[in-house]
Amino acid sequence: MDTIDKNISINLRKIRKEQNMSLDMLSERTLVSKSMLGQIERGESNPTITTIAKICEGLRIGIEDLLYREKDPISLVKKEQCRVTRSAQSRYAVRLVFPFDKERNFEIYTISIEAGAQMQLPSHGAHTTEYITVTQGTLILRHENKELKLACGDSACLCAGGEYTWQNMGDGQAQMSVVMTVS
2 MDTIDKNISI
12 NLRKIRKEQN
22 MSLDMLSERT
32 LVSKSMLGQI
42 ERGESNPTIT
52 TIAKICEGLR
62 IGIEDLLYRE
72 KDPISLVKKE
82 QCRVTRSAQS
92 RYAVRLVFPF
102 DKERNFEIYT
112 ISIEAGAQMQ
122 LPSHGAHTTE
132 YITVTQGTLI
142 LRHENKELKL
152 ACGDSACLCA
162 GGEYTWQNMG
172 DGQAQMSVVM
182 TVS
């Protein structure tokens, strides 16, 4: 059973029970046979788009309520699970913590820059904004004709429409947390 069929199976049973409906009652409201509904709930049948539409109409729900798995209210991302991109000389590392997905318009990552190193970044597009908080060390941000010095605990907002550079002027590693949004 593929992911969508499994989601439909789990969600159909859950929604039907939440609405205190038997398979007979659901069959009457959807014009889908009781046996077909039972097979779908058990994951034994792959429903057609027409069948899914009838079920959604009968239950008065959106199709996404059947197709997508309910998110856990809390999720853990272990450091080892994150994708890390390093510079050729390993002078900086970017760890992607929460990548973009269809349900949110942001991503979160952490960046580590070694002492004396700099990281040049291209434009992320006119509709991109970055919210940065330095969590260790001191960093210099250069963007167009501006230069900002951010110490540990300082934050900045950058409308990343052009190229920019981060530079670690300190003696030790500097780190920052970044939330990037797209509007």
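For the sequence shown, our numbering gives the first residue as 2, with consecutive numbering after it.
Beta carbons are placed, not taken as given, at the ideal position from N, Cα and C, and that holds for glycine.
query	result
Same chain only: Cβ atoms within 8 angstroms of K80, ignoring 5 sequence neighbours per side	R96
Beta-carbon gap between I112 and Y93 smaller than 8 angstroms	yes
Spatially closest choice to I56 from D3, E148, C160 and L13, by CA coordinates	L13
Cβ contact (3+ pairs, closer than 8 angstroms) linking the stretch 120-135 and the stretch 150-170	yes
Element boundaries [beta strand (DSSP E), containing E108]	F107 to I114
Residue(s) in a DSSP beta bridge with L140	L151 and N169
Coil, strand or helix - C158 by DSSP	strand
Endpoints, alpha helix (DSSP H) assigned at Q119	Q119 -> not in any alpha helix (DSSP H); beta strand (DSSP E) instead, spanning Q119 to L122.
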